[in-house]
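Asks: Have a look at the structure that comes next, please.
Next comes the structure, spelled out in structure tokens:
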């Protein structure tokens, strides 16, 4: 049964099903779960990694997680995000010690519609898979960023339009003090404009932004390098 062929009755009888193959069970079953692929995404000024491409079963799973209330997918998607976080941190001086995971913020209306901050939920799930500081604790997830104005829906915008849409749209909630290194996390990276704006706001507040990690990356016109995981 394809995902698109499901009926409302099927959704009622089998509310939990795989976003890839539509079989009853978790949102990403073992057969549909992306394996062994990490992508380094070209983002100006930020070393950014994604766990997999935004396509197929993963695309459907992310859409169901964000727009259809499948919050039960957070552990599986968070595990993928953790892979990208690990790749982004590799080679950074100090590793995870005194490193904060900072979710990219969503508009308030979008958060209400989605039943909460979906990116923070993914970040917290990823952090639980990353008990790797020298003290043996998970890296903290801190909401340092906020939107200070309304931005347009980015769907259909060009790279330049996305950058203009987001320019100056984010502010930091606190200036750097003590642990000042930040790794940005998000669900999807497209052109990188959101990551660039988030890094700009954090750096203006005195934070160091050595990298970013996302669950998925859209297929660009050019420029994604494949990495191997493990």
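In this note's numbering, the protein residues as written are 86 to 315.
C-beta atoms are modelled at their ideal positions from N, C-alpha and C, and glycine is treated no differently.
1) I need the boundaries of the beta strand (DSSP E) containing residue 224, first residue and last residue.
2) The alpha helix (DSSP H) spanning residue 282 covers which residue range?
3) Would you tell me roughly how many angstroms separate the C-alpha atoms of residue 280 and residue 274, rounded to the nearest one?
4) When the Cβ atoms of the stretch 166-173 are set against those of the stretch 123-138, are three or more pairs found closer than 8 Å?
5) Would you say residue 284 and residue 269 are within 8 Å of each other, going by their C-beta atoms?
6) Determine the direct distance from the alpha carbon of residue 145 to that of residue 139, and round the result to whole angstroms.
7) Can you give the beta carbon distance from residue 142 to residue 113, rounded, assuming they're within the 8 Å contact cut?
8) If you follow the beta strand (DSSP E) that residue 132 is in, where does it begin and where does it stop?
9) Is residue 109 helix, strand or coil when you go by DSSP?
10) Roughly how many angstroms lie between the CA atoms of residue 185 and residue 278, to the nearest whole one?
11) Beta carbon of residue 205, beta carbon of residue 226: below 8 Å?
12) Helix, strand or coil for residue 198, going by three-state DSSP, please let me know.
13) For residue 295, name the three-state secondary structure that DSSP assigns.
14) Which of the three DSSP states is assigned to residue 262 in this structure?
15) Of the choices 215, 202, 282, 213, whose alpha-carbon is the least far from that of residue 228?
16) Which first and last residues belong to the alpha helix (DSSP H) in which residue 123 is found?
17) Thinking just about the alpha-carbon of each residue, which of 297, 127, 272 is nearest to the one in residue 159?
18) Between the alpha carbons of residue 103 and residue 262, how many angstroms are there, rounded?
Replies: Reading from the atomic positions:
1) Taken as a continuous stretch (DSSP letters only), residue 224 belongs to no beta strand (DSSP E), as it is neither H nor E.
2) 278-289
3) 8 Å
4) With a cut-off of 8 Å, the stretch 123-138 and the stretch 166-173 count as touching, because enough Cβ pairs lie within range.
5) yes
6) 9 Å
7) 7 Å
8) 131-138
9) Residue 109 falls in the strand class under three-state DSSP.
10) 21 Å
11) yes
12) helix
13) strand
14) For residue 262, the three-state secondary structure derived from DSSP is coil.
15) 202
16) Run containing residue 123: none in the alpha helix (DSSP H); it sits in the beta strand (DSSP E), 122-128.
17) 272
18) 43 Å
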